[in-house]
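Before any comments, here is the structure.
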Amino acid sequence: TTFFRKVQATEARASLNSGGSSSSNSSSQGSNLLLPGATVATIVMLGLLHARRLYDDQKVEEAREKGTLEFRPDAKATFMRLLPLRSISRFWGTLTSVELPMWLRPYAYKGWARAFHSNLEEVALPLEEYASLREFFVRRLKEGTRPIDCNPCCLVSPVDGTVLQFGELKKAGAMIEQVKGFSYSASSLLGASSLLPMAVVDDNKNEDGGQEGSTDDANQKSWWRVSLASPKVRDPAPACPLKGLFYCVIYLRPGDYHRIHSPVDWNVLGRRHFSGCLFPMNERATRTIRNLHVENERIVLEGKWQEGFMAMAAIGATNIGSIELFIEPTLRTNRPWKKMLHPEPPEEQVYEPKGTGVFLKKGDELAAFNMG
Amino acid sequence: STVVLVFQAPISEPSADKSMSAEFRFCIKKGDRVRMGEALGRWHD
Chain A
1054 TTFFRKVQAT
1064 EARASLNSGG
1074 SSSSNSSSQG
1084 SNLLLPGATV
1094 ATIVMLGLLH
1104 ARRLYDDQKV
1114 EEAREKGTLE
1124 FRPDAKATFM
1134 RLLPLRSISR
1144 FWGTLTSVEL
1154 PMWLRPYAYK
1164 GWARAFHSNL
1174 EEVALPLEEY
1184 ASLREFFVRR
1194 LKEGTRPIDC
1204 NPCCLVSPVD
1214 GTVLQFGELK
1224 KAGAMIEQVK
1234 GFSYSASSLL
1244 GASSLLPMAV
1254 VDDNKNEDGG
1264 QEGSTDDANQ
1274 KSWWRVSLAS
1284 PKVRDPAPAC
1294 PLKGLFYCVI
1304 YLRPGDYHRI
1314 HSPVDWNVLG
1324 RRHFSGCLFP
1334 MNERATRTIR
1344 NLHVENERIV
1354 LEGKWQEGFM
1364 AMAAIGATNI
1374 GSIELFIEPT
1384 LRTNRPWKKM
1394 LHPEPPEEQV
1404 YEPKGTGVFL
1414 KKGDELAAFN
1424 MG
Chain B
595 STVVLVFQAP
605 ISEPSADKSM
615 SAEFRFCIKK
625 GDRVRMGEAL
635 GRWHD
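Protein chains in written order, with my numbering: chain A, 1054 to 1425; chain B, 595 to 639.
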């Protein structure tokens, strides 16, 4: 409306000032029309883009409700696979390790905290004492800011984060849901030689009266045999999880406290290191990259607690690529790939003394996610 | 970054009083923000 009013006013002024030549009048009218025209075109284009986005969002929501959206082939995911994410991650680590001048540190860390909603009041040390962003990122918290639930009949969160999924593993293959409509098996996440308590289902008998046996034989399969058969998404069926096997997936945002603590009193018997990819781990990546949790580089700790089996998988991402294990300081993750052949077998370590391993109390600090 | 816990926890036969069940129950919801040291699940001895 404003545009047309302006046009009308311009025309009226032009007719009043009839002293000028007709050619100069038409050229001035042309230039006057050019700018509002471009503005209108921009507004229309933005309107169309916004309408399309609303339409797409609506479609996404509808599909999500039906459970049919997740893991459609995504051009972005395909593109991500082509990127040298490991090198990018390592470069990011180098960049964030650069020592900042003392005067800049509070500004840099306050900016980071503002961008990623970190609570600076919980930080253990004055901001000036963190020499680099990488150091600040794995900061410790003030004493008492994370009280451990002392109830002996509870399992506590090992990290600060957002609960993505949780539940009981019941069906064959012990599938963990990544997002609605797609799951990966617990043995893919933890490794083929995991101590995961599974029972082989006898096809000749029903589930209730089925003969339950050990899966030790299945665990004896070599990594190569399993991975060559059907990498990553192999189906470990017909094994079923024993009753009372649960899982919980917690996502850590960049602003969160990035140290991992022990969820219960337990004996860590061993560690497995999978040097996989380093895809981003944000919400969109979780929805679009297949088997994200079993593709990415991760450390799996396995052991026993008073109620049986316990395993914890710490999964890295592009920006937070390396995992530091305090019970094994020599372990290095996010190393340059020596072999291009994928997948590499996981590197395993059994902690001494065998059968007892390393004892950790509930709340003990056991690992940290590092930048790059 | 993400952390996945896989664990065995107590189970029991269904009882009338579910609040006193010896079965492990999560005390979180999907999308909840949790802090280190907060209970994820409980059971009764």
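We treat Cβ as the ideally placed atom computed from N, Cα and C, and that holds for glycine.
Just so you know, these numbers come straight off a predicted model, no measurement behind them.
Asked: Would you kindly report the start and end of the unbroken beta strand (DSSP E) that includes A/Pro-1237?; Found: One detail in the question is off: residue 1237 of chain A reads as Tyr in this sequence, not Pro. Looking at the DSSP string, the run of the beta strand (DSSP E) that includes A/Tyr-1237 is 1235–1238.
Asked: In angstroms, rounded to a whole number, what distance separates the CA positions of A/Phe-1132 and A/Asn-1344?; Found: 16 Å
Asked: Report all residues from its chain with a CB closer than 6 Å to the CB of A/Gly-1220; omit the five preceding and five following residues, and keep chain order.; Found: none
Asked: I want to verify the contact list: residues of chain B whose CB lies under 8 Å from the CB of A/Gln-1218, in sequence order.; Found: Lys-624
Asked: Considering A/Ala-1292, what are the terminal residues of the beta strand (DSSP E) in which it resides?; Found: 1292–1294
Asked: With 9 Å as the limit, tell me which residues of the stretch 1205–1217 of chain A have their beta carbon closer than that to any beta carbon of chain B; keep them in chain order.; Found: Pro-1205, Cys-1206, Cys-1207, Leu-1208, Val-1209, Ser-1210, Pro-1211, Val-1212, Asp-1213, Gly-1214, Thr-1215, Val-1216, Leu-1217
Asked: With a threshold of 7 Å on Cβ separation, who are the neighbours of A/Pro-1211 within its own chain once the five nearest residues in sequence on each side are excluded?; Found: Ile-1313, His-1314, Ser-1315, Pro-1316, Met-1365
Asked: What residue range is occupied by the uninterrupted beta strand (DSSP E) comprising A/Glu-1174?; Found: Premise fails: A/Glu-1174 is in no beta strand (DSSP E) and is neither H nor E.
Asked: Could you compute how far the alpha carbon of B/Gly-631 sits from the alpha carbon of A/Ala-1225?; Found: 32 Å
Asked: Are the C-beta of A/Lys-1163 and some C-beta of chain B separated by less than 8 Å?; Found: no
Asked: With a 10 Å radius around its C-beta and 16 neighbouring C-beta atoms as the bar for buried, classify B/Leu-634 as buried or exposed.; Found: buried
Asked: If the criterion is Cβ atoms closer than 8 Å, does the pair A/Leu-1354 and A/Asp-1213 meet it?; Found: no
Asked: Would you mind sorting A/Gly-1425 into buried or exposed? The rule is 16 or more other CB atoms within 10 Å of its CB.; Found: buried
Asked: Given that a residue counts as buried once 16 or more other Cβ atoms are within 10 Å of its Cβ, and exposed if not, what is A/Val-1347?; Found: buried
Asked: Would you mind reading off the limits of the alpha helix (DSSP H) that contains A/His-1346?; Found: 1345–1348
Asked: Nearest chain B C-beta to A/Gly-1361 closer than 8 Å, yes or no?; Found: yes
Asked: Quick check on A/Cys-1203: buried or exposed, where buried means 16 or more other Cβ atoms within 10 Å of its Cβ?; Found: exposed
Asked: Pull up the distance between the alpha-carbon of B/Pro-604 and that of A/Trp-1358, whole angstroms please.; Found: 12 Å
Asked: Give me the chain B residues within the contact set of A/Lys-1296, using Cβ-Cβ distance strictly less than 7 Å, ordered along the chain.; Found: Ile-605
Asked: When the Cβ atoms of the stretch 1166–1184 of chain A are set against those of the stretch 1396–1405 of chain A, are three or more pairs found closer than 8 Å?; Found: no
Asked: Taking A/Gly-1383 as the reference, which of A/Gly-1361, A/Ala-1420, A/Gly-1410, A/Ile-1368 has the closest Cα?; Found: As written in the sequence, residue 1383 of chain A is Thr, which differs from the Gly given in the question. Comparing Cα-Cα distances from A/Thr-1383 to each of A/Gly-1361, A/Ala-1420, A/Gly-1410, A/Ile-1368, the minimum goes to A/Ala-1420.
Asked: Just checking: is the beta-carbon of A/Leu-1419 within a distance shorter than 8 Å of some beta-carbon in chain B?; Found: no
Asked: Whole angstroms is fine: what's the gap from A/Phe-1106's alpha carbon to A/Ala-1091's?; Found: The sequence given here places Arg at residue 1106 of chain A; Phe does not occur at that position. One C-alpha to the other measures close to 22 Å.
Asked: For the structure I just gave you, are there three or more beta carbon pairs, one from the stretch 1335–1344 of chain A and one from the stretch 1411–1419 of chain A, closer than 8 Å?; Found: no
Asked: Excluding sequence positions up to five away, which residues of its chain have a Cβ less than 7 Å from the Cβ of A/Glu-1377?; Found: Ala-1420, Ala-1421, Asn-1423
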